[in-house]
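Position 210 (the sequence shown) corresponds to 480 in the working numbering; numbering is contiguous.
C-beta: ideal position from N, C-alpha, C; glycine also.
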Amino acid sequence: MNYHEKTKKTAHHTETVCWGYEAENGPDVWERLNPEYRLCGAGTHQSPIDIVNPTPTKLPIITFNYQSTSLNIRNTGNTIEIVYPEGSWIEVDRMKYHLLQFHFHAPSEHTVSGYPYDMEMHLVHKSEDGTLAVIGILIENGSTNTAFAPFWQHLPSVPGESEQIGDVILNILDLLPSSKHTYRYTGSLTTPPCSEGVKWFVLTTPIEMSHSQIAAFKTILYGNNRPVQPLNDRELFTDVLPDS
271 MNYHEKTKKT
281 AHHTETVCWG
291 YEAENGPDVW
301 ERLNPEYRLC
311 GAGTHQSPID
321 IVNPTPTKLP
331 IITFNYQSTS
341 LNIRNTGNTI
351 EIVYPEGSWI
361 EVDRMKYHLL
371 QFHFHAPSEH
381 TVSGYPYDME
391 MHLVHKSEDG
401 TLAVIGILIE
411 NGSTNTAFAP
421 FWQHLPSVPG
431 ESEQIGDVIL
441 NILDLLPSSK
451 HTYRYTGSLT
461 TPPCSEGVKW
471 FVLTTPIEMS
481 HSQIAAFKTI
491 LYGNNRPVQP
501 LNDRELFTDV
511 LPDS
């Protein structure tokens with residue numbers, strides 16, 4: 271989640287190699303760009319996935335404890351990222367995961383029964399032992415989302431550009447749907463180095479953005495989505511239970 275190549279909107283720069291989403295540096299060749307990206311090709315528990323036939327299961331609830339903050343928003347070269355200060359977290363099954371940042375993909379990375387959404391938002395968390403947990407929120411075309419409006423006009427258009435927006439106070443909980451039901455599975459980062467062991471919680475209820483809000487992001491970045499990966503031997507659960 272470091273920096274950026276300034277000459278391409280969809281490239282991401284590390285000390286040794288640039289990866290992105292185009293033919294010469296995209297998902298099909300990530301594993302060949304750097305030995306550290308080996309799992310992007312060799313991994314068997316990768317993300318995103320197509321969400322099909324999840325098993326209804328009674329699962330530990332997610333407790334959200336997000337604080338309000340001013341915004342530090344930046345264009346990393348491969349996404350728009352909002353860095354969150356310390357003090358916000360989720361807790362699942364007595365494990366606390368601290369919110370690091372949230373960012374966006376267009377179109378969505380996860381699909382549901384083969385259906386891709388217009389966008390997807392990822393809330394990236396990390397526990398004290400280093401385990402990553404990501405909340406995925408699917409975004410579809412619909413009504414104007416007033417929760418996004420105060421900062422959506424500040425999206426940086428140039429890779430490497432960042433902006434501290436002190437006059438906009440955000441609580442990320444306001445961006446989430448009222449229903450917090452989830453699909454859950456263990457997967458990976460969706461970008462290099464594609465590290466596995468990531469706990470995924472994809473909310474079953476999408477949020478809406480207007481056509482113009484979605485277009486504002488797509489004008490800056492579009493196609494920054496990794497294709498879905500095989501589920502293989504993993505289990506996929508949902509906490510949406512059949513009516514009793």
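Sequence-distant residues of its chain with Cβ nearer than 6 Å to residue i (five each side left out)
i: V394; result: L370, Q371 and V404
Identity of the residue in the options nearest residue i by Cα
i: H481; options: P429, A419, D437 and D503; result: A419
i: H451; options: L443, F471 and T339; result: F471
i: E431; options: T314, N304, G347 and P324; result: G347
i: G457; options: G406, G412 and W422; result: G406
i: F374; options: A486, V362, N295 and Y453; result: A486
i: R360; options: D320, S340, G313 and K469; result: Note on residue identity: the sequence assigns Ile, not Arg, to residue 360. Checked all of D320, S340, G313 and K469; the closest Cα to I360 is K469.
i: K488; options: L446, L425 and I439; result: L425
i: T381; options: V353, I321, R504 and P355; result: I321
Cβ-based neighbour list, residue i, same chain, cut-off 7 Å, excluding 5 preceding and 5 following
i: V377; result: For the sequence presented, residue 377 should be read as Pro rather than Val. Result list for P377: P386, Y387, D388, M389 and N495, in chain order.
i: T460; result: S317, P318, E379 and R496
i: Q483; result: T414, N415, F418 and W422
i: Q499; result: Q316, S317, P318 and I319
i: V510; result: P326, H451 and T474
DSSP-derived helix/strand/coil call for residue i
i: A403; result: strand
i: H481; result: helix
i: G313; result: coil
i: G290; result: coil
i: Y453; result: strand
i: Y385; result: strand
i: D320; result: strand
i: T475; result: coil
i: T461; result: coil
i: D513; result: coil
i: L445; result: helix
Range covered by the beta strand (DSSP E) that runs through residue i
i: T333; result: I332 to N335
i: I360; result: W359 to V362
i: F418; result: Premise fails: F418 is in no beta strand (DSSP E) and is neither H nor E.
i: R344; result: T339 to N345
i: Y367; result: M365 to H375
i: S432; result: S432 to L440
i: K328; result: Unbroken run through K328: none, as it is neither H nor E.
i: E351; result: I350 to V353
Cβ-based neighbour list, residue i, same chain, cut-off 8 Å, excluding 5 preceding and 5 following
i: W300; result: W289, Y307, C310, G311, P462 and C464
i: P512; result: P326
i: L443; result: F334 and Y336
i: P476; result: Y387, I407, L408, I409, E410 and P447
i: T349; result: H373, F374, H375, L491 and N494
i: N502; result: T314 and H315
For residue i, the first and last residue of its enclosing alpha helix (DSSP H)
i: L501; result: Unbroken run through L501: none, as it is neither H nor E.
i: E301; result: W300 to L303
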